[in-house]
Amino acid sequence: MANTNTEVLEEAVRVIKERFGASEHRFRDEVTLIIPPENIIEAAQTLKETFGFNVLIDETAVDYWPQQTPRFHVVYHLYSMPHNLILRLRVPLNGNAPHLETMERVFPNANWKEREIWDMFGIVFDGHSDLRRILMPADWQGHPLRKDYPLGYEEVQFSFNAEEIDRRKPYAKS
Amino acid sequence: MVMLREVSVDELRHLVSERALAGETMLLNMGPQHPSTHGVLRLLLELDGEIVVNCIPDIGFLHTGVEKNMEAKTYQKAEVMTDRLDYLNPIGNNLVYCLAVEKLVGLDVPPRAQAIRVILAELTRIASHLLWLGTSSLDLAAMSTFLYTMREREMILDIFEMCSGQRMMTTYVRPGGLWRDVPVEFEDAVRRVLEIMPRRIDEYERLLTTNELFLDRTRGIGVITAEECIQWGISGPVARAAGLKYDLRKVRPYSGYEQYEFDIPTQPDGDVYSRYRVRVEEMRQSLRIIRQALDKLPYGPVRSNNRKFVPPPRSELGVSMEAVIHHFKLWTEGFVAPKESVYAAIESPRGELGVFLEGDGGPKPYRVHYVTPSFANLQIMPLLTRNHFIADVVGIIGSIDIVLGDCDR
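Chains A and B, in that order, are what the protein sequence lines are.
Counting in this note's numbering, the first sequence runs from 1 upward without gaps.
Counting in this note's numbering, the second sequence runs from 1 upward without gaps.
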C-alpha cells in the first residue's frame, strides 16, 4: 500500500486509467481524470472504497455548445479526507439531451447537485430518486446555463427605432 | 409568456409518506415568507400532530443567475457579483473568487495583501457569527442577545466601510491583491475590536451557555453524526460540532493561514447546542488570528506588480505611456486566462466555499460555479428535523446558519 498522500494519488490515477479507460490531465497541481460515461459510477465507487475519496465536494457541468461531441462535461470533485487529496473527474457527454447514471447511490449528496444540473443544463440522471427543478420555478422552460440560452437584455432605444422596439416589448399595451 | 402553474401534492408523492396521501398526516407550508427561515426558504412539512414526519426543503426563491451573468463579464467585472451571493461573507466570496482567478492565470499576491485578506476574512467570520448568534437566539426567544450582537457587528462593518467605502458589498479583494491599501485608522479600529470583543463574547456566553431555557431548546435537537457529515458533504461549524476536526484553514491553507496559531474547536454531540458552542469558540480563535496577523503585518505593496493582470496605480497614469496602455487594456478588454479549469476553496463562516472556474482563452470566465456550504447544509434538513417538534424546526434552521443568497446563487 502506498505511504504518502502523493503516492496514493498517483496510485489512484494509475488504477482508474488502467481499469476504466480514463485519460489524465494536469494543470497547476490539480489532477483531472476524463472518464467515459459508462464507467463513472464504478470509478467513483473504486475511488471511494480503495483510495478513501469519501466526500463528494461538488458535481456540476460545463456546456461546450456549439460543439456536439462532446457537448457537455459533467465535473465531479472528490475529496479524500484521510489523505487530504482532491481529484477532479470529468465525464464527456454528447448531443443535446444527454443521459448519465446518477451518483446518488455512491454519494447521497449528489441528489441536489444532480437536480441542479438537470435544472441548469438539462442533463437527465437515470435512476435519480427526485429529478425535479430545484432553483428555477417548476414550470420554467429551458435550461439557463446552457450556452445557447440567451442572457436576457433590453435593446437600447434611439429615436429612429423607439417605436419598433416598443412594439416587440412584452409589457401590456394600452 | 410562461403561465404560472400550481404544484400539486401528486408531484411530491415519492417524497411524503403514505399516511400523507391517506390524509392521516398534515402537509404544512413553512415559508417562503417566514421570519425564522432567515431568508426566502420554503419548507414543506409533513406533520403528525406537532411532530415532523418529513421535511421537504424548496429553494430557489433567491436565485439570481449570478453564474450565468458572470459568464458575460470580464474577470474583474464578474467579481462584483460575488459579494451578492453570501451577503454575510462578502470578503470571503471575493477572496475565493480571487484565489481561483490567481490560480488560473498564475498570479502572485504580495505578503501585505495576504495578511490584510486574512484579517478581513476573520473579521467577516466574526461579523457573520455575530449575526447568526443574534438571529438564531432571537428565534429561540432570547431577544437581548440580538441587540448586543448587532452593536458589535456595527464596529466591524465600520471597518469594512473604512477600507472599501461599503459596509457589505465590499469588492475589496481583487485578483492580484487588494483594491487599495488600508487607511491609517485601520489598525486602531481593529485593535479596538480585539480589545472589546473577548469581554463581549463572555457576555453572550453568560446570557446563553448555561441559560436553562436555551439549553432546553437546543440540547439533543437536530443531531447529526460525523459519519453523516462526511456522507452528505457537510463542512464547517456543523461538521465540527459533530466532532469532525476538519477546517480548510488547517488542512489546505490559503493566504498564509499556515503562519498563524489557532485551534479548531470541536464538540462531540452534533446538536444545536454544540453548533452554538463551536461558533462562539470560533469567534475567539478568529480574534487570535487577527491579533497575530496585525502584530506582524508586513509593509509593502498590496497589489501584484504584474501589469498584464493588475491595473497600474493612478499616480503613474500621468507620467507613463505604458501605464495608460495597461490601464486602457485592462478596463476595456480585460485580461486573458488559459483554457483550463481550477478549483479553489476557503473556509467560510458556514463551511467549505469553493469556486470551480474554467477559462476559455478569452477575457471572460467560461464557467464559474460556486460550491456553497448553505446548499449542502440545507440538504440535510430532512435528516435533522425528523421526529422533532415543529417549534424545534425553527431552532434547527437557525443552527445550520443558512444564507439563501449563498444557497440559491
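Glycine included, every Cβ here is placed at the ideal spot set by N, Cα and C.
Chain A within 8 Å of residue i, Cβ atoms only
{"i": "B/Ile230", "result": "yes"}
{"i": "B/Leu27", "result": "no"}
{"i": "B/Asp408", "result": "yes"}
{"i": "B/Gln33", "result": "no"}
{"i": "B/Gln379", "result": "yes"}
{"i": "B/Leu404", "result": "no"}
{"i": "B/Lys103", "result": "yes"}
{"i": "B/Ile59", "result": "yes"}
{"i": "B/Gly236", "result": "no"}
{"i": "B/Glu340", "result": "yes"}
{"i": "B/Val272", "result": "no"}
{"i": "B/Ala376", "result": "yes"}
{"i": "B/Asp10", "result": "no"}
{"i": "B/Tyr246", "result": "yes"}
{"i": "B/Ile396", "result": "no"}
{"i": "B/Gly233", "result": "yes"}
{"i": "B/Val251", "result": "yes"}
{"i": "B/Tyr257", "result": "no"}
C-alpha gap between residue i and residue j, whole angstroms
{"i": "A/Leu100", "j": "B/His369", "result": "20 Å"}
{"i": "B/Asp263", "j": "B/Gln285", "result": "7 Å"}
{"i": "B/Tyr276", "j": "B/Met321", "result": "56 Å"}
{"i": "B/Val319", "j": "B/Pro313", "result": "11 Å"}
{"i": "A/Thr50", "j": "B/His327", "result": "52 Å"}
{"i": "B/Leu133", "j": "B/Val105", "result": "39 Å"}
{"i": "A/Gln67", "j": "B/Pro373", "result": "33 Å"}
{"i": "B/Arg367", "j": "B/Glu205", "result": "44 Å"}
{"i": "B/Lys103", "j": "B/Leu353", "result": "16 Å"}
{"i": "B/Ile397", "j": "B/Met143", "result": "17 Å"}
{"i": "A/Arg14", "j": "B/Ser137", "result": "51 Å"}
{"i": "B/Met1", "j": "A/Gln141", "result": "With a pLDDT of only 41 at B/Met1, under 50, the local geometry of the prediction cannot be trusted, and no value is derived from it."}
{"i": "B/Gly300", "j": "B/Ile91", "result": "21 Å"}
{"i": "B/Met283", "j": "B/Leu244", "result": "18 Å"}
{"i": "B/Arg19", "j": "B/Glu11", "result": "16 Å"}
{"i": "A/Met81", "j": "A/Phe158", "result": "59 Å"}
{"i": "A/Asn202", "j": "B/Tyr260", "result": "Residue coverage of chain A in this structure runs from 1 to 174, which leaves residue 202 of chain A outside it and unanswerable."}
Test item: CB-CB of residue i and residue j under 8 Å
{"i": "A/Arg146", "j": "A/Gly122", "result": "yes"}
{"i": "B/Pro298", "j": "B/Arg153", "result": "no"}
{"i": "B/Tyr273", "j": "B/Arg219", "result": "yes"}
{"i": "B/Thr82", "j": "B/Tyr97", "result": "yes"}
{"i": "B/Thr171", "j": "B/Glu79", "result": "yes"}
{"i": "A/Trp118", "j": "B/Gln379", "result": "no"}
{"i": "B/Gly31", "j": "B/Leu43", "result": "yes"}
{"i": "B/His38", "j": "A/Leu135", "result": "no"}
{"i": "B/Ala241", "j": "B/Val280", "result": "no"}
{"i": "B/Gly405", "j": "A/Pro144", "result": "no"}
{"i": "A/Asp139", "j": "B/Leu15", "result": "no"}
{"i": "B/Val251", "j": "B/Gly351", "result": "no"}
Contact with chain B by residue i, beta-carbon distance below 8 Å
{"i": "A/Asn84", "result": "yes"}
{"i": "A/Met81", "result": "yes"}
{"i": "A/Ile57", "result": "yes"}
{"i": "A/Asp126", "result": "no"}
{"i": "A/Arg88", "result": "yes"}
{"i": "A/Asp130", "result": "yes"}
{"i": "A/Asn240", "result": "One cannot answer for residue 240 of chain A here, as it falls past the ends of chain A, which runs 1 to 174."}
{"i": "A/Pro92", "result": "no"}
{"i": "A/Trp118", "result": "no"}
Minimum Cβ-Cβ distance from residue i to chain C less than 8 Å
{"i": "A/Ile134", "result": "Although the question refers to chain C, the structure presented lacks it and instead comprises the protein chains A and B."}
Beta-carbon contacts of residue i that lie in its chain and below 6 Å, excluding the five residues immediately before and after
{"i": "B/Thr149", "result": "Leu130, Leu133 and Gly134"}
{"i": "B/Leu4", "result": "For B/Leu4, the predicted structure reports a pLDDT of 49, less than 50, and the residue's modelled location is therefore unreliable. A value from the coordinates is still provided. If we look at B/Leu4 and ignore the five residues flanking it on each side, it has no Cβ neighbours."}
{"i": "A/Thr60", "result": "Val75"}
{"i": "B/Ala415", "result": "In the structure displayed, chain B extends from 1 to 409; residue 415 of chain B sits before or after that span and is not available."}
{"i": "B/Arg291", "result": "Leu194"}
{"i": "B/Met371", "result": "As written in the sequence, residue 371 of chain B is Val, which differs from the Met given in the question. The answer, listed in chain order, is Gly354."}
Own chain residues within Cβ distance below 7 Å of residue i, not counting five before or after
{"i": "B/Gly177", "result": "Val109, Pro110, Ala113, Val302, Arg303, Ser304 and Val310"}
{"i": "A/Ile34", "result": "Ala22, Ser23, His25, Arg90 and Pro92"}
{"i": "B/Met26", "result": "Leu47"}
{"i": "B/Ala323", "result": "Pro312, Glu316 and Leu317"}
{"i": "B/Val342", "result": "Ala100, Lys103, Leu104 and Leu357"}
{"i": "A/His128", "result": "Thr102, Glu104 and Glu114"}
{"i": "A/Ala2", "result": "Its pLDDT being 49, under 50, A/Ala2 is placed unreliably by the model, and the measurement read from it follows with that caveat. Counting only Cβ-Cβ distances below 7 Å, and skipping sequence neighbours, we find Val8 and Glu11."}
8 Å CB neighbourhood of residue i in its chain, flanking five on each side removed
{"i": "B/Leu383", "result": "Ile224, Glu228 and Trp232"}
Members of the segment 350–367 of chain B that neighbour chain A once the beta carbon cut-off is set at 8 Å: Glu352, Gly354, Phe356, Glu358, Tyr366 and Arg367
Pull out every residue of the segment 22–53 of chain A whose Cβ sits closer than 8 Å to any Cβ of chain B, in chain order. Phe27, Arg28, Glu30 and Thr32
Residues within the segment 57–71 of chain A neighbouring chain B, beta-carbon criterion of under 7 Å: Ile57, Asp58, Thr60 and Val62
Using a Cβ-Cβ cut-off of less than 8 Å, give me the residues of the segment 61–72 of chain B that come near chain A, in sequence order. His63, Gly65, Glu67, Lys68, Asn69, Glu71 and Ala72
Looking at chain A, which residues of the segment 207–222 of chain B have a Cβ within less than 7 Å of any of its Cβ atoms? none
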